[in-house]
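Under the UniProt record's numbering, the sequence shown has 198 at position 198, and the numbering climbs by one with no breaks. The C-beta atom is built at its ideal place from N, Cα and C for all residues, glycine as well. Notes follow once the structure below has been shown.
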Amino acid sequence: MQTSSYALDTTWRTLFKDLGVVPANVLRRARLPDDLLQQSFVRLVPEDYYRLWNGIEAETGDPLFPIRLCQVIRSESFSPPLFAALCSPNLVVAAQRIARYKRLVAPMRLDVVEGGGVVTMELTWLDAAPMPPVSLVVMELLFFVTLARMGTREPVNPVEITTTVLPSPLAPYDTFLGARMRRGAKHRIVFTTADATRPFLTSNEPMWAAFEPELRQRLADLDEPATTAKRVRAALLEGLPSGLVTMEAIARKLALSSRTLQRRIEAEGTSYQQILKETREALARHYLEKTALPAAEISFLLGFNEPNSFYRAFRNWTGTTPDSVRHVQKEHG
């Protein structure tokens, strides 16, 4: 089980740059390896993650660090679960999707409750000890305000926000939120239903459909030992749209030599080409059956240089064409 851990992906490098902090200084403060941010698929136990968070906060020297972090977050800085949320039709759906995949990011549970004209989002940390830093808890709550404002391009404010330990100074947070943050027994934030269902201008359901298979696979992988084949598959899911299809490119992403990667895959009874084929075929079927993406765009998402290569490969895999699969799906849909 790897659920009691925090994900650390390459988007942190972007955040460090935007915050104006030197990664090496932060890692030194946190007593973490110098090459941590160069590694793929890093997950940190709570103690290590909290030291990293405290190191960033100390390096910025800013008591309003959570607000500053919200201000530098951009859609391209998001990890896939959060970027996918921005593709949602509104804040309610975004929060529900985040709740489903929250364990990918942190050992937390998010409960989303609708009723009485409001939508309540409540966070619960699943690891009993140690307690997370106050600024981390506050950041998690502020994130929903940032998400709502980014999605709607409107000054959405919560109607209520509580946490067990208040940040200091408090006034700037109240100003940022447009609401009074209060001490309470739970970490929760409340929006009116009208604001929580306000349409996201960033809504993109085809993009969500493209993301969801990767998120489901990542969630399943949390509860199973990470074999080399699974790590390769996960790296391909991230890398295919960028054209990272060669074993050499994936080996670099996994911080392995090509020879070591090949040896480990073969020891698991498969091959790189087999994993690549299976991953591409599964994604192709998903895009064809669950989205309206044109074949040319699917070809790009699967890392092919041009559509004809995708058509030839798909016929070799399945004995049929992409158009036929989509036609059958429409007939039975």
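By the beta-carbon neighbour count (other beta carbons within 10 angstroms, threshold 16), G116 is exposed.
R188 places its beta carbon less than 9 Å from that of L123. Between T152 and F200 the beta-carbon gap is near 6 Å, inside 8 Å, which marks them as a contact.
Secondary structure at M131: coil, using DSSP grouped into helix, strand and coil. Cβ contact annotation for R315 (same chain, cutoff 7 Å, sequence separation greater than five): T321, in chain order.
Apart from sequence neighbours up to five positions away, the residues of its chain that approach T202 with a beta-carbon distance below 6 Å are L86 and G151, ordered along the chain. In the structure shown, the three-state DSSP call for R109 is strand. In chain order, A95, Q96, A99 and M121 place their CB closer than 6 Å to the CB of V112, counting only its own chain and leaving out the 5 sequence neighbours on each side. In terms of CA proximity to W12, Y49 leads the group Y49, K186, V45 and R31. Straight-line measurement puts the Cα of M247 at about 12 Å from the Cα of A255. The continuous beta strand (DSSP E) containing A7 extends over residues Y6 to L8. A229 counts as buried, since at least 16 other C-beta atoms from the protein chains shown sit within 10 angstroms of its C-beta. It is roughly 18 Å from the alpha-carbon of E59 to the alpha-carbon of S168. Apart from sequence neighbours up to five positions away, the residues of its chain that approach L37 with a beta-carbon distance below 7 Å are W12, R13 and P23, ordered along the chain.
When rounded, the separation of the alpha-carbon atoms in R280 and C70 is 36 Å.
Straight-line measurement puts the Cα of M207 at about 21 Å from the Cα of V245. Ranked by Cα distance from E47, the first of F83, A84, N90 and P107 is P107.
Around the Cβ of T260, a 10 Å sphere holds fewer than 16 other Cβ atoms; the residue is exposed. Membership of L69 in the alpha helix (DSSP H) is indicated by the continuous run F65 to V72. One thing to note: G178 has its Cβ no nearer than 9 Å to the Cβ of G243. The Cβ-Cβ distance between L293 and L301 falls below 9 Å. In the DSSP assignment, E160 is bridged to V190. Apart from sequence neighbours up to five positions away, the residues of its chain that approach F310 with a beta-carbon distance below 8 Å are A284, A295, I298, S299, L302, F304 and P322, ordered along the chain.
In this structure, the CA atom of A234 is about 43 Å from the CA atom of A171. Separation of the CB atoms of W53 and L136 is rounded to 5 Å, and the pair is thereby assigned contact status at 8 Å. With respect to the C-alpha of G20, the residue from T163, Y101 and F65 having the closest C-alpha is F65. The beta carbon of N25 sits closer than 7 Å to the beta carbons of E59 from its chain, once the five residues preceding and following it are set aside; these are given in chain order. When secondary structure is reduced to three states using DSSP, T227 falls in the coil class, being assigned neither helix nor strand.
Take the alpha-carbon of P155 and the one of E114: they are about 21 Å apart. Shown here, L302 sits in coil according to DSSP, grouped into three states, outside any helix or strand. Setting aside the 5 residues that flank it on each side, R29 is surrounded in the same chain by R51, N54, G55, A58 and E59, each with a C-beta closer than 8 Å to its C-beta; the list follows chain order.
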